[in-house]
Structures are given as structure tokens and as C-alpha cells.
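Beneath this line is the structure, given in C-alpha cells, with notes to follow.
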Amino acid sequence: MAIRNIVTEDDPMIRMTSREITAYNDRLHILLDDMTETMHKFNGCGIAGVQVGVLRRVTVVEDGGELLELINPKIIESEGSQTDTEGCLSVNSRKNCEVERPMKIKVEAFDRFGKPITVEAEGWKARIICHELDHFDGVLFIDKSAEDNN
Ligand code: CO
Numbered sequence: 009m010a011i012r013n014i015v016t017e018d019d020p021m022i023r024m025t026s027r028e029i030t031a032y033n034d035r036l037h038i039l040l041d042d043m044t045e046t047m048h049k050f051n052g053c054g055i056a057g058v059q060v061g062v063l064r065r066v067t068v069v070e071d072g073g074e075l076l077e078l079i080n081p082k083i084i085e086s087e088g089s090q091t092d093t094e095g096c097l098s099v100n101s102r103k104n105c106e107v108e109r110p111m112k113i114k115v116e117a118f119d120r121f122g123k124p125i126t127v128e129a130e131g132w133k134a135r136i137i138c139h140e141l142d143h144f145d146g147v148l149f150i151d152k153s154a155e156d157n158n
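Laid out in C-alpha cells, this is it:
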């Protein structure tokens, strides 16, 4: 495994759209392992491909010590709302701010071997997943804040 460089908000790449994963091979597994190691190194609770310079719809999230790898995830149901403070490995921590997210979501995705999985998440876990999925479309949490970030 290896620590990868983090793409930050001042790099135009962070605003680009990620493409779907098409091959569930060793290369994907190395990417996932590196993303997990990089997330741990920088004390994050979630990381998206674009954040390590790979424009693919792949994310690792961690909640309560449980690691979850999501490949090509899609939110198929969401309900309720919650507001809490978010940060991001790609954004200066001084910009942490409150963001509204769904309280509960249901996600369809694939695991690292290409097997379809369905994940139901609520609370903080739902928040992390929504945050990471936004990265696939070049969206940062600071875009969604009700606060003035300047
Ligand atoms: Co982020």
C-alpha cells in the first residue's frame, strides 16, 4: 500500500466529473487499498477517487471502525434531513461548515469484485456517503453551505 498525494480545492481536477469503474482488477484493489491508507494518514472518514487524482466513481468511507468500499454507487432512496459540520481532506480545515444532508439513504453499488451491493445508511454515515458521491461530480461541501465561507 502507499500514501497518495491529495488533490486540493485549488487544483482544477477537483471540479472534474469522474467516470465509472469498468474493470474490477488488481489495479482497482491497489487503488482502494491506497485510498484507505491515505484516508487514515490524514485522519479522514471518507475519500473519493478524484482526491487521489483518479477520476473514477470509487470511494472508501469509514464509520464506527467499519470500512465500506463503494464502486459506481448511486443513491436510489433518500429521506429526512440533518444539518452538521463537515470538512474535507481537499479543503482547508478552516473552512469546515454546516451542510444539510438527507438523514437516511439507500445506495446501490458494487464491491471491489464487481458484486452488486445495497447499503442503507443514516446519520453520520449517510452524510459521509453523500459528501463522497458529490466529489464524483466535482461538487464540494463548501458549495452547499448556508454559511459565508469567506
Ligand atoms: Co471531501
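Under the working numbering, the letters of the sequence shown match residues 9 to 158, in that order.
Yeah, the Cβ is synthetic: ideal placement off N, Cα and C, and Gly gets one too.
{"Query": "Our contact map puts Glu77 next to Arg120 with C-beta atoms below 8 Å; I'd like the distance itself, whole angstroms only.", "Result": "6 Å"}
{"Query": "Beta carbon of Lys112, beta carbon of Ser86: below 8 Å?", "Result": "yes"}
{"Query": "DSSP three-state label for Asp145, please.", "Result": "coil"}
{"Query": "Count the other CB atoms, across all protein chains shown, that sit within 10 Å of the CB of His37; report buried if there are 16 or more and exposed otherwise.", "Result": "exposed"}
{"Query": "Would a check of beta-carbon distances place Ile22 closer than 8 Å to chain C?", "Result": "Considering every chain present, this structure includes no chain C. It has just one protein chain."}
{"Query": "Per DSSP, which one or two residues make a beta bridge with Ile83?", "Result": "Val115"}
{"Query": "Measuring CA to CA, which of Val127, Met21, Met24, Arg35 is closest to Met9?", "Result": "Arg35"}
{"Query": "With respect to the beta strand (DSSP E) encompassing Asp92, which residues constitute its N-terminal and C-terminal limits?", "Result": "90-94"}
{"Query": "Alpha carbon to alpha carbon, what distance is there between Trp132 and Ile22?", "Result": "23 Å"}
{"Query": "Do you know offhand how far Asp19's Cα is from Thr30's?", "Result": "26 Å"}
{"Query": "Would a C-beta distance cut-off of 8 Å place Arg12 and Val66 closer than the cut-off?", "Result": "no"}
{"Query": "Specify, as a first and last residue, the run of the alpha helix (DSSP H) that Arg35 falls within.", "Result": "34-49"}
{"Query": "Within the same chain, show all residues whose beta-carbon is closer than 6 Å to that of Cys138, passing over the 5 residues directly before and after it, in chain order.", "Result": "Arg109"}
{"Query": "Which partner residues does Pro124 have in the DSSP bridge list?", "Result": "Phe118"}
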